[in-house]
Amino acid sequence: MEILWLGLAYALGMGVQALRLPPLIGYLAAGIVLSAFSIDVNEEIIHQIGHLGVLLLLFTVGLHLRLKNIIRPEVFGAGGIHLTVSAIIFGFLAFAFGYDPVASLIIGVLLGFSSTVLAAKALEARGELGAYHARVSIGILILQDLVAIIILALTGGGLPSVWSLGLLALPFLRPLLIRLLTASGHEELQLLYGIILAIGTGTLFEVLGLSSELGALAAGALLSGHGAADELAEKLWGIKEVFLVGFFLEVGLAGLPNMDALVFSLVILALLPIKSVMFFFLLVGFKLRSRNSFMVTATLSSYSEFTLIAGVAAASAGFIPESAIIVFALVTAVSYAINAPISSGANQIWNKLEFKLLPFERDVKHPGQQVFNLGGANYLVMGMGQAGIASYDYLKERGHRVTGMDIDPAVLEENLKARRRIVYGDAQDPELWQNIDLSEVKAVILAVRNPEAKVQATKMMRENKYKNDIYALTMRDDEHVHLREAGANAVCLPLKQAGQKLAELSISDEMDGSMSLEFA
């Protein structure tokens with residue numbers, strides 16, 4: 023019977039993905055269909071799979087936990103005020119719909135969250151995970167996730183064991199845990215280690231009377247900040263997504279809302295634009311540029327899977343009624359459907375709204391401000407990964423004045439340590455190309471990873487009258503065509519050229535025996 027609900031989840035997930043919506047909407051729909059047709063499923067298995075997904079999700083959140091990213095004014099200030107105001111608005115709304123004061127407070131706080139999964143996917147798809155607005159978005163999400171964990175801990179039921187005080191010694195185990203992480207290598211042992219640590223620590227917390235979700239988050243936090251932690255998080259991403267199918271199926275099995283719950287859901291959805299606009303004006307108030315404020319707003323304009331996760335725990339402990347979970351499922355699914363196209367097209371939407379939103383920007387020094395002076399450089403390298411560094415070093419060694427540019431603070435720090443001249447810049451930010459001085463730049467080398475970013479940057483440079491060479495690194499023919507159309511007058515196709523070179527060498531070797539290739 024398991025193949026039935028797995029197959030249905032896959033089919034409906036594929037269906038909504040074809041509409042360019044998140045597949046988890048299909049998983050929720052699969053649960054609703056199973057419930058509507060009273061199809062017998064093993065709910066215990068689905069619950070266990072879903073619970074593992076939740077633990078792995080919280081573990082990966084912990085792996086990215088950086089205290090310095092939360093205590094920044096624009097994160098702790100804007101994110102904290104937004105969550106407080108949202109909790110008040112949604113709490114009063116829940117009370118007006120007949121929920122008791124405690125349930126109304128919990129519901130109000132939970133509806134203030136935004137989706138971590140949806141935001142991370144959108145930022146990754148746009149190639150902006152290192153951008154300033156992405157760091158603000160992730161910081162606010164982590165702040166919300168920590169509040170969700172507090173709710174999970176408070177609604178877990180029962181008092182913790184006196185032995186739980188021993189958990190305060192966990193930070194002292196960090197050196198040992200890090201040593202085991204590095205000793206696990208980079209393949210399946212590393213992945214297995216992460217899963218064992220997430221589930222094992224969650225089980226330990228549960229045995230001591232605390233939330234297993236809190237344990238998984240704590241386990242991830244013990245590894246955060248280490249280079250291998252980010253690698254582990256990437257490996258766990260897909261596995262976590264598979265297990266979360268069970269969680270969303272379980273929520274969908276609760277069925278459809280009654281009329282009162284449906285009206286409540288519609289009112290909550292009607293307030294989503296207000297929740298979004300609050301983000302924009304709070305962030306502008308905390309000195310962010312209008313574009314950064316808009317990009318954060320577009321990323322966070324949804325309700326959250328953590329609303330469901332913490333809501334299920336609160337309902338299980340009797341703090342909120344089960345009917346609230348059906349409301350949470352509906353508003354989360356619909357908000358995902360609304361947010362997906364907005365988030366994926368955020369840069370294009372900004373281009374249309376730029377002149378309407380710029381007047382709201384404060385006339386102050388903005389955090390995340392870009393550099394518009396390249397210090398007389400003759401060459402600009404955008405994207406300082408492996409290819410960008412190779413281009414930079416080649417030009418520098420031959421006596422040319424070159425400047426690198428990247429959006430990732432970690433990349434900037436590494437290159438500055440290597441004594442390369444590098445500045446912060448977002449290739450997809452129109453303001454960068456409107457204001458940067460390229461008068462002395464003979465050529466721009468685009469070595470950024472995201473194909474759309476390369477095309478958009480090329481278009482904006484040409485629109486702002488840059489007439490010299492633009493070289494773009496690409497590995498696919500379709501990218502090559504789009505870049506040519508955008509105005510890049512020299513494009514590399516390294517994989518294709520590498521293949522041709524190998525064939526050329528093999529023919530040369532066959533003809534004169536002068537060259538040979540040795541394959542390991």
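Residues 23 to 542 in this note's numbering are what the sequence shown spells out, letter by letter.
Even glycine gets a Cβ: it sits at the ideal position worked out from N, Cα and C.
- The beta carbons of TYR358 and SER137 sit about 7 Å from each other, so the pair counts as a contact at 8 Å.
- Burial of ILE129 is indicated by the presence of at least 16 other C-beta atoms within 10 angstroms of its C-beta.
- Around the Cβ of LEU203, a 10 Å sphere holds 16 or more other Cβ atoms; the residue is buried.
- If the five residues before and after GLU210 are omitted, its C-beta is found closer than 6 Å to no C-beta atom of its own chain.
- With a threshold of 16 other beta carbon atoms within 10 Å, MET427 meets it and is buried.
- Note on geometry: alpha-carbon atoms of VAL83 and LEU140 lie some 13 Å from one another.
- For GLY398, the CB contacts under 8 Å within the same chain, skipping 5 residues up- and downstream, are ARG423, GLU462 in chain order.
- Rounded to whole angstroms, the gap between the alpha carbons of ALA238 and LEU77 is 6 Å.
- Rounded to the nearest whole angstrom, the C-alpha separation of ALA339 and GLY307 is 39 Å.
- Rounded to whole angstroms, the gap between the alpha carbons of GLU327 and SER60 is 25 Å.
- When the five nearest sequence neighbours on each side are left out, the beta carbons in the same chain lying within less than 8 Å of the beta carbon of LEU127 are those of ALA109, GLY113, in order along the chain.
- Contact annotation, LEU460 with TYR493: C-beta distance approximately 14 Å; criterion of less than 8 Å not satisfied.
- Distance between GLU376 and GLY134, taken at the CA atoms: about 27 Å.
- Within the same chain, LEU304 come within 7 Å of ILE103 by CB-CB distance, once the 5 residues on both sides are set aside.
- The stretch 152-159 makes contact with the stretch 313-330, as at least three CB pairs between them are under 8 Å.
- Annotated three-state conformation of LEU291 is helix, per DSSP.
- Using a Cβ distance threshold of 8 Å, VAL356 and LEU291 count as a contacting pair.
- By the criterion of at least three beta-carbon pairs nearer than 8 Å, the stretch 245-255 is not in contact with the stretch 226-234.
- Ranked by Cα distance from PHE302, the first of PRO381, VAL55, ALA31, ILE111 is PRO381.
- Excluding sequence positions up to five before and after ASN395, its CB lies within less than 7 Å of the CB of ASP459, all in the same chain and listed in chain order.
- ALA465 is positioned such that its CB atom lies no closer than 8 Å to that of MET404.
- By alpha-carbon distance to LEU214, the top candidate from LYS257, ASP167, LEU505, PRO343 is LYS257.
- ALA170 and ALA332 have their C-alpha atoms some 6 Å from each other.
- Nearest to ILE221 by C-alpha distance, out of GLN70, LEU288, ARG443, ARG506, is GLN70.
- Non-local C-beta neighbours of GLY277 in its own chain, meaning closer than 6 Å and more than five positions away in sequence, comprise SER57, ordered along the chain.
- A Cβ-Cβ distance of about 16 Å is found for the pair GLY53 and GLU263, leaving them out of contact under the 8 Å criterion.
- Exclusion of the five residues before and after LEU163 leaves SER136, THR138, ALA141 as the residues of its chain whose Cβ lies within less than 7 Å of its Cβ.
- In the displayed model, LEU495 falls within a strand according to three-state DSSP.
- Looking at the DSSP output, ALA512 bridges to TYR493.
- DSSP, reduced to helix, strand and coil, places ILE429 outside both helices and strands of the structure shown, so it counts as coil.
- Check the Cα spacing between PHE350 and each of GLY207, MET281, GLY274: the tightest is with GLY274.
- Taking a C-beta distance under 8 Å as the contact criterion, PHE98 and LEU165 qualify as a contact pair.
- Excluding five sequence positions before and after VAL124, the CB atoms of its chain that fall closer than 7 Å to its own CB belong to PHE341, given in chain order.
- Counting along the chain, ALA465 sits inside the beta strand (DSSP E) bounded by residues 465-468.
- For ILE128, the enclosing alpha helix (DSSP H) covers residues 123-132.
- For TYR215, DSSP assigns no beta-bridge partner whatsoever.
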